[in-house]
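Written below as structure tokens is the structure these notes are about.
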Amino acid sequence: LIEVILSLMMFTGCSMFARLRGQELGHSLPKLKQVMEDEKQRFEGK
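If you read the sequence shown in the numbering used here, its first letter stands for residue 547, the second for the next number, and so on.
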């Protein structure tokens, strides 16, 4: 039980740290709406 709690805390902490660090560095996933528009333009342009 203790191992599960500790691993859950570690997973949550690392996920939060990665999210904050990514925001600091300016890394982010593109918005789905923008990705869909880019793909639409790419396929219609050919």
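Where is the CB? At the ideal position from N, CA and C, for every residue including glycine.
Which stretch, first to last residue, makes up the alpha helix (DSSP H) that contains residue i?
{"i": "Gly591", "result": "578–591"}
{"i": "Gly559", "result": "548–571"}
CA-CA distance, residue i and residue j?
{"i": "Glu585", "j": "Thr558", "result": "34 Å"}
{"i": "Leu554", "j": "Gln569", "result": "23 Å"}
{"i": "Pro576", "j": "Arg565", "result": "14 Å"}
{"i": "Met590", "j": "Glu583", "result": "Rather than Met, the amino acid found at residue 590 in this sequence is Glu. Distance between the alpha carbons of Glu590 and Glu583: 11 Å."}
{"i": "Gly572", "j": "Val550", "result": "33 Å"}
{"i": "Leu552", "j": "Lys579", "result": "37 Å"}
{"i": "Ile548", "j": "Met556", "result": "12 Å"}
Skipping 5 residues on each side, what residues in its chain have a beta carbon closer than 7 Å to that of residue i?
{"i": "Ser574", "result": "Gly568"}
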